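Following this line, the structure appears as structure tokens:
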């Protein structure tokens, strides 16, 4: 089955008032730069990446520029050595200058990559998680670009890491029937009032959730008041997290993290600028044992390698709609496993693709069964929306990566 056409579509969705807001993104317009990859047999692969509205058209234009290079390729041959293709596209001799490996061009590569994986799973007539779990260690490594990681993760060590967890898979396969636990971000958007948060937490508890995330990053008094309200309503046994979305500078982060730590969060997320490795390292040491989490705005595997080497992040949050798609997500997951850090993805895809990837991470790599972020706002826009019951993502059964729009 050969790739016949690759095209991009600009999709934008208006959210209900205050939904999706954080301390930095006050008026989000959730948008997908969508790749449609059509095979000559009639199968269509769909890839998505998230933007906040304006600029989505730039990613779509970049998809057209990069995607044309794949037309005519047989999908099985392409995916048998996708790591090589990924590197070739990421290092396009002209477009690379616009990154490298970040920004508009890398988002376009992510959308294209995700479409390739979706089409591949559809041609095999299986959901993406099942396809990934059916592959050998050598076949998985062939999907990855491990360049610039060689001193910590090369093809040989990646293969050994995958092989080492093969014999114990059966101990972890119960998640496929039980479902993967979720945590609810949609209760705590920045512009929600305290009354709205209380109401949404109670509804979320009734729906089976026991973990919740609150957006912070405004005045410290307001943050603390809302955080205390969340803890009171959720209860002492609930897991809570705080997310500043990069709003604080280092001095602000030091004070805020110290104060918010009194409420017993599992982590404090994106406490300062996502490129500031040394600030995170200093902050992690200063506020220990409070855990820091990061990944939503980390664009590539090299930056993740640096944060892992610095030993300052206790929860890694890669996103296949920020990294270069499923391929680079798997690379980062292997890196995280090598360093013993759990992966709890950010869900720029609203959990549609990541519900497949966390199953692979747990079963194939032995990553702990933590939880997956839950943001339901665009569920009506997907042909096969993620199903969450009792606070757990139900294992998808449809072929592909659950990315097809309605």
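Numbering (my numbering), first residue to last: 3 to 408. Beta carbons: idealized from backbone N, C-alpha and C, even for Gly. Small disclaimer: the values here were computed from a predicted structure and weren't measured.
- Task: Could you tell me whether the Cβ atoms of residue 394 and residue 181 are closer together than 8 angstroms?
- Result: Going by C-beta atoms, residue 394 is nearer than 8 angstroms to residue 181.
- Rounded C-alpha distance that separates residue 88 from residue 95: The straight-line gap from Cα to Cα measures roughly 13 angstroms.
- Item | Spatially closest choice to residue 18 from 286, 110, 380, by CA coordinates | Nearest C-alpha to residue 18 among 286, 110, 380: 380.
- For residue 183 and residue 170, the rounded distance between their alpha carbons: Distance between the alpha carbons of residue 170 and residue 183 is about 21 angstroms.
- Cβ shell of residue 316 (< 6 angstroms), same chain only, five flanking positions each side left out: Contacts found: 293.
- Which two residues bound the contiguous alpha helix (DSSP H) that contains residue 11? Not the alpha helix (DSSP H): residue 11 falls in the beta strand (DSSP E), residues 5-14.
- Task: Would you mind giving the Cβ-Cβ distance between residue 50 and residue 116, rounded to the nearest angstrom? I have them listed as a contact below 8 angstroms.
- Result: A Cβ-Cβ distance of about 6 angstroms is found for the pair residue 50 and residue 116, placing them in contact under the 8 angstroms criterion.
- Out of curiosity, what's the CA-to-CA distance linking residue 375 and residue 356? Roughly 9 angstroms between the two C-alpha positions.
- Does the separation of the CB atoms of residue 35 and residue 70 fall below 8 angstroms? Going by C-beta atoms, residue 35 is not nearer than 8 angstroms to residue 70.
- Query: In angstroms, rounded to a whole number, what distance separates the CA positions of residue 264 and residue 257?
  - Reply: Here the alpha carbons of residue 257 and residue 264 stand approximately 12 angstroms from one another.
- From which residue to which residue does the alpha helix (DSSP H) around residue 365 run? For residue 365, the enclosing alpha helix (DSSP H) covers residues 356-367.
- Message: Please identify the residue among 401, 249, 101, 162 whose C-alpha is closest to the C-alpha of residue 385.
- Response: With distances taken between Cα atoms, residue 385 lies closest to 401.
- Counting Cβ pairs closer than 8 angstroms, one from the region 208-226 and one from the region 240-248, do we hit at least three? Touching, yes, given that three or more Cβ pairs across the two stretches are closer than 8 angstroms.
- Query: What does residue 214 pair with, by DSSP beta-bridge criteria?
  - Reply: According to DSSP, which records beta bridges pairwise, residue 214 is partnered with 186, 242.
- What is the residue span of the beta strand (DSSP E) that residue 33 lies within? If you look at residue 33, you'll find it in the beta strand (DSSP E) that goes 33-41.
- Task: Examine the Cβ distances between the region 29-49 and the region 111-125 and report whether three or more of them are shorter than 8 angstroms.
- Result: In short, these stretches touch, since the Cβ pair count reaches three.
- In its own chain, which residues sit with a C-beta less than 7 angstroms from the C-beta of residue 200, not counting the 5 before and 5 after it? Short of 7 angstroms from the beta carbon of residue 200, and not among the five residues preceding or following it, lie these beta carbons of its own chain, in chain order: 231, 235.
- Message: What residue range does the alpha helix (DSSP H) around residue 261 cover?
- Response: Residues 252-262.
- Task: Answer with buried or exposed for residue 260, where buried requires no fewer than 16 other C-beta atoms within 10 angstroms of its C-beta.
- Result: Of the residues assessed, residue 260 falls on the exposed side of the cut-off, its CB having fewer than 16 other CB atoms within 10 angstroms.
- Message: I'd like the ranges of any alpha helix (DSSP H) spanning at least 4 consecutive residues and lying wholly in the region 325-357.
- Response: Fully enclosed alpha helix (DSSP H) runs of 4 or longer: 328-341.
- Query: For residue 383, which of 396, 369, 351 has the nearest alpha-carbon?
  - Reply: When C-alpha distances from residue 383 are compared across 396, 369, 351, the shortest belongs to 351.
- Message: If I measure Cβ to Cβ from residue 2 and keep anything under 7 angstroms in the same chain, skipping five residues before and after, which residues do I get?
- Response: Since the first residue of the chain shown is 3 and the last is 408, residue 2 is not available in this structure.
- Message: Suppose you measure from the CA of residue 226 to the CA of residue 368; what does that come to, to the nearest Å?
- Response: When rounded, the distance between both Cα atoms is 36 angstroms.
- Item | Residue range of the unbroken alpha helix (DSSP H) whose run includes residue 69 | Per DSSP, the unbroken alpha helix (DSSP H) holding residue 69 starts and ends at 58-69.
- Between the beta-carbon of residue 145 and the beta-carbon of residue 329, is there less than 8 angstroms? The answer is yes: Cβ separation under 8 angstroms.
- Query: Among 281, 389, 268, which has the Cα closest to the Cα of residue 372?
  - Reply: Of the candidates 281, 389, 268, the one whose C-alpha sits nearest the C-alpha of residue 372 is 268.
- Inspect the CB distances between the region 272-289 and the region 298-315 and report whether three or more fall short of 8 angstroms. A contact exists between the region 272-289 and the region 298-315.
- Message: Let me check one thing: in DSSP terms, what residues is residue 49 bridge-paired to?
- Response: 37.
- Item | Burial state of residue 187, where buried means 16 or more other Cβ atoms lie within 10 Å | With 16 or more other Cβ atoms within 10 Å, it is buried.
- Query: Whose C-alpha, out of 358, 363, 323, 354, is nearest the C-alpha of residue 337?
  - Reply: Out of 358, 363, 323, 354, 363 has the C-alpha closest to the C-alpha of residue 337.
- Give the DSSP bridge partners of residue 390, in chain order. For residue 390, which the question treats as bridged, DSSP gives the partners 395.
- Could you say which of 75, 57, 14, 102 lies nearest to residue 301 if we only look at CA atoms? Closest by alpha carbon: 102.
- Task: Please classify residue 83: is it buried, with 16 or more other beta-carbons within 10 angstroms of its beta-carbon, or exposed?
- Result: Residue 83 counts as exposed, since fewer than 16 other C-beta atoms from the protein chains shown sit within 10 angstroms of its C-beta.
- Own chain, CB closer than 6 angstroms to residue 275, minus 5 neighbours either side, in chain order: Once the five neighbours on either side are set aside, the close Cβ partners of residue 275 are 248.
- Excluding the 5 residues preceding and the 5 following residue 396 in the sequence, name in chain order all residues of the same chain whose CB lies nearer than 6 angstroms to its CB. 181, 389, listed in sequence order.
- Where does residue 309 fall in DSSP's three states? Residue 309: helix per DSSP, three-state reduction.
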